[in-house]
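Everything in the sequence shown is counted per the UniProt record's numbering, starting at 1 for the first residue and increasing by one.
These notes are about the structure you will find just below.
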Amino acid sequence: MGVNYNDQISQNNFRVVYHEKIDYNETKESLEKMGILTSINKNYHPVYGEYKISLNKDVDYITPYDFRFDKIFSEAYKEVYGKEFDKDRLSYKVSNQLCDILLSKNKHRAILCSG
Numbered sequence: 001m002g003v004n005y006n007d008q009i010s011q012n013n014f015r016v017v018y019h020e021k022i023d024y025n026e027t028k029e030s031l032e033k034m035g036i037l038t039s040i041n042k043n044y045h046p047v048y049g050e051y052k053i054s055l056n057k058d059v060d061y062i063t064p065y066d067f068r069f070d071k072i073f074s075e076a077y078k079e080v081y082g083k084e085f086d087k088d089r090l091s092y093k094v095s096n097q098l099c100d101i102l103l104s105k106n107k108h109r110a111i112l113c114s115g
């Protein structure tokens, strides 16, 4: 379990799961039926309890390593240029122009243009 060094964006075998409402009537047996771990090997786990987290809505930037990047970038490209994106022909200049156009239109998808 844990990070996959061969595929570092893989979300298999670990994740943070948010539950808006906790059902305190769940039993250990019902959790086991859902495949939820009921115990951990503390040698390999950095967190040893349940903790409340506070979240703040903010802007985050997508990177090419995000599994959604290709789809979002292709949609933004088609929106701006009116044609399908051909990743083999995208130059640095065209990429920067696309980012400038999205930023000037104040599009939410301008998050693609980081770094």
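Note that CB positions come from ideal geometry on N, CA and C, so glycine has one too.
Assigned exposure category for residue i - 16 Cβ within 10 Å defines buried
| i | result |
| --- | --- |
| Val47 | exposed |
| Leu98 | buried |
| Tyr77 | buried |
Cut-off 8 Å between Cβ atoms - residues of its own chain near residue i, not counting five sequence neighbours on either side
| i | result |
| --- | --- |
| Phe67 | Ile9 |
DSSP state of residue i mapped onto helix, strand, coil
| i | result |
| --- | --- |
| residue 145 | Absent from the structure is residue 145, since the part of the chain shown begins at 1 and ends at 115. |
| Gln8 | coil |
| Leu55 | coil |
| Glu20 | coil |
| Ile101 | helix |
| Ile36 | coil |
| Asn41 | coil |
| Phe85 | coil |
| Gln96 | Position check: residue 96 holds Asn in this sequence, whereas Gln was assumed. Residue state, collapsed to three classes: helix. |
Neighbourhood of residue i by C-beta, 6 Å cutoff - its chain only, sequence neighbours within 5 removed
| i | result |
| --- | --- |
| Val80 | Leu98, Ile101 |
| Leu55 | none |
| Met34 | none |
| Asn12 | none |
Spatially closest choice to residue i from the options, by CA coordinates
| i | options | result |
| --- | --- | --- |
| Val16 | Glu29, Tyr51, Asp23, Asp70 | Tyr51 |
| His19 | Ile53, Lys93, Ser104 | Ile53 |
Contact belief for residue i with residue j at Cβ below 8 Å, rounded distance in angstroms
| i | j | result |
| --- | --- | --- |
| Phe73 | Phe85 | 7 Å |
Proximal residues to residue i (C-beta, below 7 Å), its chain only, five neighbours per side dropped
| i | result |
| --- | --- |
| Glu29 | none |
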